[in-house]
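Okay, structure first, notes after.
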Amino acid sequence: MATWYSADDGAAQTRLKAAWAGAPIQNAELCAFIVDTARLQVVEYAPDATTAEAAIAEVLLRFGLTDRLEEVLAVLDLDEDHPTFNLVYAQLQQATNLWAAGRADENGEVGSEGYSFVPRPLDKTIRSIIRPTNAEVSGGF
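Using my numbering, read the sequence shown as starting at 1252 and increasing by one per residue.
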């Protein structure tokens, strides 16, 4: 079961830091802005089936088994507000892109070593994580 990343409390920040070593958790408000903005961008770009329940309902509809949704959700121990895993991963990747884009100067360089970076928020790779082009069923399943 996937859950969105946040910077709301110590446990959420520890989880975020474990997945993204460079997360700016020393500034909790900025970190929350980045993670929440990434979530909003991912949700807005995502197809309609953005929760595990919606994705499962879509699959059951294709097989004519919509009356079994409650049973399947109970077996999988899912509740309706959990996002699909691909959207949570896209949120994490988008947050790192937003952070890097915010640190790049007008020439696209990051840091004193002069590394070059061209910020592309919600880039092609992240869009393909959210909406896989070769997937038969949307929603990360």
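From the three backbone atoms N, C-alpha and C, an ideal C-beta is built for every residue, glycine too.
Relative to the C-alpha of residue i, which residue among the options is closest?
i     : options                       : result
G1353 : D1259, C1282, Q1264 and A1253 : C1282
A1289 : A1346, T1384 and T1376        : A1346
N1337 : I1381, A1305 and A1269        : I1381
I1285 : L1311, W1255 and F1314        : W1255
A1253 : K1375, V1339 and L1373        : V1339
Using the three-state DSSP reduction, which class does residue i fall into: helix, strand or coil?
i     : result
R1378 : helix
L1373 : coil
A1341 : helix
G1353 : helix
L1324 : helix
A1346 : helix
T1384 : coil
T1254 : coil
F1392 : The predicted model places F1392 with a pLDDT of 46, which falls under 50 and marks its position as unreliable; any figure quoted below should be read in that light. DSSP places F1392 in coil when its eight states are reduced to three.
How big is the Cα-Cα spacing for residue i and residue j?
i     : j     : result
V1293 : D1287 : 10 Å
W1350 : L1343 : 11 Å
A1258 : A1279 : 6 Å
M1319 : T1335 : Per the sequence shown, the amino acid found at residue 1319 is Arg instead of Met. Whole-angstrom Cα-Cα distance: 20 Å.
A1341 : Y1296 : 11 Å
I1203 : A1325 : The structure shown does not extend to residue 1203, since the chain is modelled only from 1252 through 1392, so no value can be given for it.
V1266 : E1321 : In the sequence on display, residue 1266 carries Arg and not Val. Cα to Cα, R1266 sits roughly 30 Å from E1321.
P1275 : E1304 : 32 Å
T1384 : G1261 : 37 Å
E1309 : I1377 : 23 Å
A1269 : A1263 : 10 Å
A1272 : N1348 : 14 Å
Check whether chain B comes within 8 Å of residue i, counting only Cβ atoms and requiring the distance to be less than that.
i     : result
R1382 : The question asks about chain B, but that chain is absent: this structure has only one protein chain.
Exercise for review: Could you tell me which uninterrupted alpha helix (DSSP H) segments, each at least 4 residues in length, are contained entirely in the segment 1256-1311, listed from first to last along the chain?
Suggested key: Listed in chain order, they are 1261-1270 and 1279-1296.
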